[in-house]
Amino acid sequence: MAVFQRNSWRSALVQSEQAMKTAARLELIAVDPDSAPVIHQLYQKSPTYFRLIGMEIPTLGDVEREVEALAHDPQRRCCLVAAPVHKEQHRVIGYLDYKLHYPEPMAATISLLLIDEEHQGQGFGSLALEHLESLLSGDLRRLYAVVYGNNLAAQRFWEARGFRHFKDGGPSLRWYVKELQ
Ligand SMILES: CC(C)(COP(=O)(O)OP(=O)(O)OC[C@H]1O[C@@H](n2cnc3c(N)ncnc32)[C@H](O)[C@@H]1OP(=O)(O)O)[C@@H](O)C(=O)NCCC(=O)NCCS
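Counting in the UniProt record's numbering, the sequence shown runs from 1 upward without gaps.
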């Protein structure tokens, strides 16, 4: 099983000033090989999303394979979103999957931002995005997001946060883009 550079990446995560401001409320924790069961639980708590995109909820084995595949893609970054939702203690409530320097060198692309259904609509998705933007904005110029299926709520989410529809990558894939400050 591949070894992830969790500590070095994690410390890079908190370097940006903005990231430090939001860190008290929300943390992005780099996925490592032990994260598969937590990610699987998040997926199980998000049946509406998988129904919407016409997919079965991935099995634990699927997630384990996916996590292992991460090690072979050095540009891909996956993190758990943790927030103080229970007596000020941080719990994992979401998942963020993005790829650096894709589709162009000075950009990154979010392929999934998922907040579990119990915690949606409480500002955590916006905070996670804000956190990521502040992390990337010193180094990259542009942030893309892709939306699968007929996911109108997600389309509204990206548009309300300054993203514009950029292109359709087929009948069920919409690309959004935002210039980073
Ligand atoms: C889209 C998503 C990440 C937003 O995260 P969130 O924590 O619910 O969002 P926030 O609370 O920060 O903001 C709520 C906004 O998202 C929109 N939204 C999208 N899905 C929503 C949901 N299921 N419940 C509540 N609001 C939702 C609302 O319209 C609201 O927009 P507004 O503030 O402009 O009125 C989250 O709902 C989710 O995980 N959905 C399923 C996975 C998905 O579709 N991901 C996006 C494609 S990559």
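Just so it is clear, CB atoms sit at the ideal spot from N, CA and C, and this is done for glycine as well.
Item, Value
"Cutting at 7 Å between CB atoms, please list the residues of its own chain near glycine 162, excluding the five before and the five after it.", "Lys178"
"So, for leucine 140: in the same chain, excluding its five sequence neighbours on each side, which residues have a beta-carbon less than 7 Å away from its beta-carbon?", "Met106, Ala107, Ala108, Leu180"
"Between the beta-carbon of alanine 128 and the beta-carbon of valine 85, is there less than 9 Å?", "no"
"Excluding sequence positions up to five away, which residues of its chain have a Cβ less than 8 Å from the Cβ of proline 103?", "Thr109, Tyr144"
"What did DSSP end up calling threonine 109 once you bin it into helix, strand or coil?", "strand"
"With H, G and I counted as helix, E and B as strand and the rest as coil, what does DSSP make of tyrosine 102?", "coil"
"Excluding the 5 residues preceding and the 5 following proline 47 in the sequence, name in chain order all residues of the same chain whose CB lies nearer than 7 Å to its CB.", "Ile57"
"Taking the CB atoms as reference points, tell me whether arginine 97 and cysteine 78 lie closer together than 9 Å.", "According to the sequence as given, residue 97 is aspartate; it is not arginine. It is a contact, given that the beta carbons lie within the stated cut-off."
"Where histidine 119 and isoleucine 93 are concerned, what is the direct C-alpha to C-alpha distance, given to the nearest angstrom?", "7 Å"
"With distances taken from CA atoms, which of Leu152, Phe124, Val147, Pro74 is nearest tyrosine 176?", "Val147"
"Of all the options Ser172, Leu26, Arg91, which has the alpha carbon lying nearest to the alpha carbon of glutamine 41?", "Arg91"
"Less than 9 Å separating the beta-carbons of proline 37 and leucine 52?", "no"
"For ligand 1, I want to know if alanine 71 counts as a neighbour, meaning its beta carbon is within less than 8 Å of at least one of the ligand's heavy atoms.", "no"
"With which residues is alanine 154 paired in a DSSP beta bridge?", "Per DSSP, none; premise fails for alanine 154."
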